[in-house]
Every structure is written in structure tokens, then in C-alpha cells.
Amino acid sequence: MPGVQEPQVITIIGMRGAGKSTLGKEAAIRLGLDFVDLDEAITSACDGKRPPQIVAESGWDYFRTVEADCYVEAVTQAKAGGTVIACGGGIIETDRGMELLRAQWPVVMIDRHVDDIVGQLEKTAPGAPAGSGGQNHRASLGEHPRATHTRRMPKYLEVLDFRFPVVKGEADLESLTRCFVRFLHRCLGYQPLQLVSDSFFVTVTLPEYVEVSPELLRSVAHGSDVLEFRVDLLASLEHSNIVQQVAAVRRATAGTPLLYTIRSTEHGGKFSGSEKEYFELNQLGLTVGVELLDLECTWDSSKINDFVSRKGSTLLVGSYHNFDRMPDRAELAETFRRCSLGGRAAAAKVVVKGGSREDNWIVQEVGAAEVPQGCAFIGLCLGEGGRLSRVLNQVLCPATHPRLQVGAPGQLTIQEILEARRRLSLLGPSRQFCIIGPWRGQGGSASSSLCDLQARLCANAFRELSLPHICFVEPAETVVEAQRLLCLASCGGAAIVGPLGQDLFPSLAGQASEIAGMAGCMDCLVRDKDGVIKGECVAAQCLSARLQGLGLSVGAGGRAGLILGQPGRQNPMSVRVVLSGLASLGIGRCLMVKPQASDAADVKSATFLLDRSGGGQLGFEVSDCSGGGLRVDSVGTEGLAAEWNQRNPGLRVVKGDRIVEVNGAGVTEWPGSPPGCVATVSKNSAALLEQLSREQILNVKALREPQGSPPGLEHLDDLASVASMTDIDVVVLADVFVSAEEIRAVTPLLERLKPIVVEMAWPPSELAASGTTQSSESLLAAARKAGCTIVEGPEMILDQTCSLLEAWTGQAAPRQSIAKALIAEVGKLGAAPPKYLLKAAGTAWA
Ligand SMILES: O=C1C[C@@](O)(C(=O)O)C[C@@H](O)[C@@H]1O
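So in full-length UniProt numbering, spot 541 of the sequence shown is number 541, and the numbers just go up one at a time.
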């Protein structure tokens with residue numbers, strides 16, 4: 001395997017009916033990549049003929065040649081940003097196809113259960129001739145899909161780099177897609193896992209995961225950075241079984257990373273197979289893209305080295321267990337060094353049978369002294385007497401859960417360990433702060449470039465302040481995914497970029513600052529010393545402070561602001577931010593040109609009827625809502641809800657709806673918001689959930705906040721009305737692109753009223769537009785010419801980053817060095833830094 005790199009081409013293979021085109025296309029959209037469906041490419045290369053027609057007219061050999069040629073062409077044409085190519089199921093049928101795939105990295109197989117593939121093919125075209133595979137628009141082999149699956153599987157396994165298993169019976173396409181996108185993201189090393197203080201893994205000791213309730217898995221994962229997937233404890237070590245179990249845990253746990261462990265009998269586990277089997281099973285772990293993998297260091301060193309060279313983006317934990325005795329310091333030191341795999345392990349783990357109380361300290365001391373920089377250590381003593389070592393062990397501490405059997409003698413729960421650390425004032429110094437944002441391809445590239453920028457600036461600032469914290473970007477789309485990150489013991493807070501800041505609001509409303517409360521959204525979350533998550537809206541706060549600093553006094557009532565750009569299209573949150581920032585100064589009105597079309601914008605409540613007596617999944621995800629009821633986190637593209645939406649476009653169930661009543665059972669009292677951001681289900685919601693899971697016919701009532709038009713926002717029907725306005729104090733650019741038409745319409749207003757013009761967008765519009773016709777006509781240029789006071793985008797970013805850091809750390813932010821870093825960032829975009837940045841950096845005086 002060529003290792004971790006940004007691939008130009010991601011090739012997707014697997015049986016027809018596995019979901020290659022559907023998942024491949026969705027993943028491409030979310031990751032911002034191009035997408036090629038090879039069947040489509042073949043059709044356009046053959047004058048619009050579909051594969052079955054090509055086969056019927058010209059035979060299989062011809063078809064396979066065209067198929068391989070089209071694949072080569074697609075690879076050659078792949079753009080530098082990256083392309084996902086979904087192949088036909090039969091590309092592996094020829095030697096040439098196999099050869100082409102062997103030369104590519106990464107080749108990803110979608111491994112859907114054979115029963116589901118057969119079901120899918122039959123469903124797509126019921127009554128299709130036997131052996132047609134049920135799909136008359138695709139080429140058929142004249143054999144049953146089950147036989148094709150058996151014959152092709154070894155070939156797929158030979159060429160794949162990664163295998164994405166789909167749990168049998170999976171019907172929720174939306175949750176599957178999220179799983180797949182996260183899988184690709186991790187396999188390709190876009191987002192390496194970070195190891196910090198107060199991080200844990202819970203050892204899951206279950207014999208199987210498919211049949212257990214997802215609720216149990218979610219509860220076990222709650223607060224755990226990683227789940228240890230103990231392969232050796234599974235009821236069957238058949239590869240096909242293992243991959244199904246992996247799929248089941250991933251499906252249930254909203255992205256909790258896995259540590260794949262095959263613990264052999266002499267290390268206290270149940271694996272008693274050969275060395276060959278051990279490495280084969282571990283290889284399977286790499287192909288299913290586990291985030292971490294435990295490698296016992298007592299196996300043959302050349303085999304270990306060989307394996308380490310193939311690890312890709314999976315992090316390794318080199319491990320050693322001695323259940324019989326306490327080694328002396330020299331032996332311990334040597335063992336830690338060995339477990340660090342020559343510096344290539346992410347963590348070295350040594351677990352021994354301690355004797356005295358002092359041994360708990362010794363394993364920690366030796367671990368800290370011996371592992372190379374960049375490698376964490378786990379040093380533990382087993383049994384009752386070794387519990388102290390678990391309290392002392394800071395990074396990736398193994399733990400159990402009250403609902404599980406312990407994974408080793410002496411294991412404690414995360415709560416027990418944290419409680420002991422709190423009492424002993426031993427909570428670790430490093431905290432993780434994540435920038436939670438949309439997937440790269442979603443919400444526009446501006447959002448992801450803003451996420452990356454914030455993460456770099458904050459990481460720099462932590463270094464400057466000599467704080468051991470880390471900052472990184474983590475994509476999340478749903479409240480549940482975000483909550484997974486926020487409930488970690490090592491989480492110090494987060495920044496939220498994009499609409500999730502509004503989605504998260506209901507569950508944290510009780511902990512919102514005044515301005516965040518006014519905005520109805522939050523962009524900065526801080527965990528206080530009691531573990532409670534507080535919500536702030538730094539963008540609104542900074543806008544308000546900046547305008548005040550420019551002399552816009554509090555109590556400017558009766559005046560108005562004008563928002564330009566189309567923020568609502570990608571981020572309805574930014575409108576709320578501007579509104580609350582201005583409202584805090586007493587500007588209660590805001591005008592925006594061109595209302596954005598939003599789903600059922602003014603429906604206040606909706607009732608929908610779902611009937612599952614004919615089978616099928618509901619097809620939506622809910623989470624508990626502190627405002628009472630269940631919040632709809634996502635609506636899948638398949639299932640009863642999707643069908644309802646299709647049949648009743650005016651009464652659609654949409655993300656953000658709050659279910660308050662099911663079959664007459666409703667929310668009777670309004671529970672307060674839970675402390676922190678705990679995804680537990682309150683009593684009332686439990687009653688709703690029960691109805692949802694038990695009843696066949698569901699009459700569901702949901703409340704909906706009108707979207708896109710928060711109070712105080714007025715939409716202007718046409719641009720011409722801008723010309724006659726008389727009361728505009730502030731103009732805010734809430735989007736990078738302001739049309740030339742808008743600029744022309746607004747210019748007379750700028751000249752007449754000389755409002756303050758604030759840019760709340762990244763990258764700065766003048767830079768984003770450079771090279772296009774916009775640069776000469778940029779709104780900021782017009783404002784400058786009209787003599788308005790201007791606040792440029794990077795200036796707002798500087799303020800917001802400082803406020804974010806101050807909220808997170810409670811310390812003054814290193815403003816000067818953040819300004820320097822921003823100058824470099826602006827430079828990367830090919831522009832000269834604005835004067836105020838130079839001034840803030842102390843390098844020039846404007
Ligand atoms: O290596 C370890 C640590 C452990 O043995 C413990 O002592 O907690 C538990 C195992 O599941 C894990 O693989």
C-alpha cells in the first residue's frame with residue numbers, strides 16, 4: 001500500500017446492487033470530489049447504448065474492453081482535486097481489469113450482505129427473467145447473483161485496499177452514507193485521530209454486535225474516545241462475520257473510532273490461532289479501516305515490521321501483557337521501547353501484574369521516560385492493587401462500562417477513574433477543542449476553508465501560550481455526531497461552523513449566553529470545570545463590539561441594517577448572527593434582499609402519518625430535545641418518512657422538526673435542559689420513543705420553527721427599493737459573493753448614507769473575487785470610494801479567533817501572533833495584508 005496520501009482517484013468496486021453508484025456519488029458530493037459512474041461513461045462512449053445492449057450486439061469481450069478503456073480514460077481525466085469512480089460489478093472479470101485495479105490506490109469495496117444484494121436486484125425489477133439479476137438495464141451474466149457473488153468475492157478481496165461492510169438488512173441510506181463518508185475520510189488519512197490527556201477506550205466484551213441493541217452500544221460509547229473491538233471475544237472469527245460486527249458497531253455509534261484487538265491467550269485473551277491467522281485477521285482490520293489496531297509485540301519481529309509498513313492511516317498500539325509478574329525497571333524499559341515499534345506506534349502499552357502499590361507508579365514513570373516523542377504510553381498493573389495505575393494513566397486509558405463485563409482484572413469505569421482524578425486533582429492538562437463543521441464538499445468550500453483556518457490559528461495560539469491543547473477539524477452533520485465529541489472527558493470545547501450551530505441550540509438552550517440566546521444559535525461551546533457545556537455566539541459578540549468601537553452607540557433604535565449576499569443558501573445561521581449582533585445595539589430591523597427558498601418555511605406545525613404495517617423502516621433519526629420532545633436529526637432517502645414526503649410535498653417531515661406528540665401521547669411537561677450535552681432521553685421523550693418503536697400506525701405531530709426568517713428580518717422584494725432607503729446604519733456582507741447587480745444598486749446608498757460596512761465572510765471577498773470581473777467592482781472597493789468606514793473579513797476573523805480562544809482557555813489570546821498567522825494566511829491567497837492586520841501584528845503602523 002502506498003501509504004497515506006491525498007489520492008487523485010478513489011475506485012469503488014463491489015457487486016451490482018451493492019450501492020456503489022449511490023454511495024459513491026453521495027460521498028463525492030460530501031467530500032467535494034468529482035464523480036464518474038463507469039456504466040454512464042460506457043454508455044456515452046457507445047453512442048448512448050446501455051451495457052446490456054452493447055453486450056447483446058457485440059458480446060462480452062467487446063464490452064469488457066470498452067469498460068477497461070473507459071476506466072483508464074476516467075483515471076486519466078481525474079481532476080487534481082480528486083475523483084470517485086464507481087465501477088461496474090464485473091470489472092474484475094478480466095485479467096486486464098484486475099491489473100488496472102492492482103495499480104490503483106485506493107480501491108474500496110462496498111461489501112453489502114449477499115442476501116440484501118439479491119433482495120435489491122429482485123426489488124429493482126421484479127419478475128425479470130431468472131438469471132437476469134433482476135436488472136434489465138445492466139448487463140447480466142445469466143447466472144444467479146448468489147453464484148456470481150461467490151465467484152467474484154475472492155477477486156474483489158485480492159484487489160481491494162479497503163472494505164466497507166454494510167450490516168445485513170440496512171435500510172437507512174442516510175445513516176449508511178454518513179458512515180461511508182466517515183470511513184473514506186478516515187481511511188484516506190484526512191483526519192488523523194489525536195491522542196490527548198483524559199482520553200479513554202472502553203473494552204467491549206460482547207460476543208456479537210449485530211443483535212445487541214444499538215442503544216447499548218451508544219451508551220457504552222458515551223464519553224469514550226475509542227471503543228476497543230475485541231476480535232478474540234467474538235463468537236466466530238470468520239472474516240465475513242467480523243466485518244458484519246464492525247459494521248454494526250459503526251452504525252450504532254455516530255463515529256466513535258475503533259481499536260481492533262486480537263488478544264491471544266498468553267496475553268489474557270481468547271485467541272489461540274497461529275501466527276499466520278493472527279496477521280491475517282489484523283490485515284482484515286486494516287482493510288476495514290479501523291482507526292487504531294493493537295499489535296502484540298511478542299510475535300516475530302520481521303512479521304511485525306512487515307505489518308507496520310502496511311498500516312496506512314491506521315494508528316498502531318504496540319502491546320505487551322504479563323499476567324504473572326512485575327518485570328524490573330530495565331526489563332520494563334526494554335518492553336516499552338519494543339512496544340513503541342521504533343517510533344511508528346501511536347501508543348506503547350505495557351500491562352503487568354504489579355505487586356506493591358509502588359509498582360503503579362513505576363509502570364507510569366518508566367513509560368513516560370522510555371517512549372519516543374510523539375508516541376503515547378499506557379502503563380498498567382492488573383488486578384485490585386493495580387487500580388491506581390488506571391487513575392494515573394492519562395492517555396487512552398482502558399476502561400469498562402457498568403453494562404459490560406470487565407475486559408481485564410481491575411478495570412474501572414470512566415466515571416470511577418474521572419472521579420478519583422478529580423479528588424486527587426489529577427485531571428490532565430491537555431484538552432481537545434474541535435472545529436465542528438460540514439464535510440469538505442458541503443456548505444461550500446468557504447465553510448471548510450474557514451474550519452481549516454480556525455484550526456490552524458487556534459493550534460498556533462495554543463503553542464504560543466504554551467498550552468498543551470490540540471485543535472482539529474471534525475466534520476459532523478447531526479446533533480448526535482456533535483454530541484459524541486462534546487461528551488468526551490478530554491473535550492474542552494468546540495467551535496461550530498455552519499448550520500449545526502442552530503441545530504444544536506435546542507439541546508443547549510439553557511446554557512446559552514444572552515447574545516447566543518438572541519441569535520438562537522451558537523458558534524462556540526465551552527466546557528466549564530463542572531463539565532457543563534456553555535454556548536456562546538462569538539461572531540455576534542464580535543460584530544456588536546466592533547460596531548460599538550466604531551461609535552455605533554447602544555440604543556440606536558429605529559435604525560436598520562442591510563445584509564448582502566445570500567448567506568441563507570448555505571448557512572442560515574449567519575443571518576441570525578448579524579441580527580443578534582445588531583439587536584444587542586438596539587438595531588431591531590434588518591433587511592435582506594432576495595429571500596432564500598426554504599423548505600416549508602412558514603409551516604408552524606405538521607402532522608404526518610406513517611404506516612409500517614406493511615413493513616419498512618421509519619427512516620429518520622431523532623435525538624432528545626431539551627425544549628421537550630424529539631428532534632428530527634435527519635430524514636433518510638429511503639423509508640416510510642421519505643415515502644410520506646414524496647407523496648405529501650406540502651407536509652414534509654424535515655430535519656429540525658420537533659416531535660411533540662405520537663398517537664395522542666405527548667410532551668406533558670417541559671423538561672429543563674440536561675447538564676452538559678448529554679444525549680440521554682428524558683422521561684417524556686422516552687414515551688414518544690416507545691410509541692415510535694412499538695406502534696404500527698403512527699400519527700405524529702411535530703412543531704417547526706419557521707426557518708430562514710428569524711424575527712427581525714425583513715425581506716426586500718427587489719433591489720431597486722435599496723436606493724430609496726434612509727435609515728441604514730450598517731451594511732453587512734454575509735457571503736463571499738455579492739453580485740455586480742447588488743453592488744450597483746447599493747452604491748448610491750453607500751454614497752448617501754455612509755453606513756459602516758462589515759465583511760463577515762471568509763475568504764475575504766476582494767481576494768475570493770480576484771481574477772474575476774468582481775474584483776474591480778467589489779463592494780468593499782465601492783464602500784471605500786464612498787468614504788464609508790470598513791471592517792474587512794480578516795479583521796473579524798482576528799476578533800472572533802481571539803474571543804474563541806479566550807472563551808476556551810480563560811486567558812488573554814495572543815492577538816499579535818494570531819494577526820501574524822493571519823497575515824501569512826492572507827498571503828497564501830495571494831494578496832497583500834490589510835493595514836490593520838499589520839498594525840495588530842505590530843509590524844507596521846498604519
Ligand atoms: O491491553 C488491554 C488492556 C487491558 O488488558 C486492561 O488491562 O485494561 C484490557 C484489554 O482489553 C486491552 O486490550
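Ideal Cβ positions, reconstructed from N, Cα and C, are used throughout, including at glycine.
Source: prediction; values computed, not measured.
- Remark: the C-beta of H321 is in contact range of ligand 1, defined as less than 7 Å to any heavy atom.
- The C-beta distance from L292 to A346 rounds to 7 Å, short enough to meet the 8 Å contact threshold.
- Taking a cut-off of 8 Å for Cβ pairs, the region 225-233 and the region 277-296 touch, as three or more such pairs fall below it.
- Of the residues V473, P748 and C542, the one whose Cα lies closest to the Cα of S803 is C542.
- R431 carries a coil assignment under DSSP once its states are collapsed to helix, strand and coil.
- D69 and I54 have their C-alpha atoms spaced approximately 14 Å apart.
- Across the set Q244, V66, C297 and P214, the C-alpha of P214 shows the shortest separation from the C-alpha of T253.
- Straight through space, the alpha carbons of L176 and L692 are spaced by roughly 21 Å.
- In the DSSP assignment, P398 falls outside any alpha helix (DSSP H) and lies within the beta strand (DSSP E) extending over C397 to A399.
- Excluding residues up to 5 positions away in sequence, G354, C381, G386, L388, S389 and L392 lie with their Cβ nearer than 7 Å to the Cβ of N360 in the same chain.
- Contact holds between the region 6-19 and the region 151-167, because three or more Cβ pairs, one in each stretch, are under 8 Å apart.
- In this structure, V351 has its CB closer than 7 Å to one or more heavy atoms of ligand 1.
- D717 counts as exposed, since fewer than 16 other beta carbons sit within 10 angstroms of its beta carbon.
- Shown here, K25 sits in a helix according to DSSP, grouped into three states.
- Given a length threshold of 3 residues, the region 817-844 has no whole run of the beta strand (DSSP E) inside it.
- Relative to ligand 1, the beta carbon of G97 is positioned no closer than 7 Å to any heavy atom.
- Between ligand 1 and G383, a heavy atom-to-CB distance of less than 7 Å is absent.
- Within the same chain, and ignoring the five residues on either side of W299 in sequence, the residues whose Cβ sits closer than 8 Å to its Cβ are E275, Y278 and F279.
- Under DSSP, D37 takes part in a beta bridge, and its partners are A86.
- Rounded to the nearest whole angstrom, the CA to CA distance from A734 to Y190 is 29 Å.
- Distances between the C-beta of A408 and the heavy atoms of ligand 1 include at least one below 7 Å.
- Taken through DSSP and simplified to helix, strand or coil, A330 comes out as helix.
- If you ignore the 5 residues before and after C179, its C-beta comes within less than 7 Å of the C-beta of R250 and R251, all in its own chain and listed in chain order.
- When DSSP states are grouped into helix, strand and coil, K701 belongs to the strand group.
- At least one heavy atom of ligand 1 lies less than 7 Å from the C-beta of G268.
- In the DSSP assignment, N322 is bridged to V352.
- In the structure shown, K276 adopts helical secondary structure according to DSSP, grouped into three states.
- Between C87 and Y71, the C-beta gap is smaller than 8 Å, which places the two residues in contact.
- Within its own chain, the residues whose Cβ lies closer than 8 Å to the Cβ of L424, once the five positions on either side in sequence are excluded, are V391, listed in chain order.
- Beta-bridge partners assigned by DSSP to D300: none are found.
- One thing to note: L779 has its Cβ no nearer than 8 Å to the Cβ of L579.
- With respect to the 8 Å criterion, G82 and P145 are not classified as neighbours on the basis of their beta carbons.
- Residue burial annotation: G492 is buried, with at least 16 other C-beta atoms found within 10 angstroms of its C-beta.
- Assignment of V635 by DSSP, reduced to helix, strand and coil, places it in the strand class.
- H715 sits exposed, since fewer than 16 C-beta atoms from the chains shown fall within 10 Å of its C-beta.
- Proximity of the region 192-209 to the region 396-409 meets the contact definition, three or more beta-carbon pairs being nearer than 8 Å.
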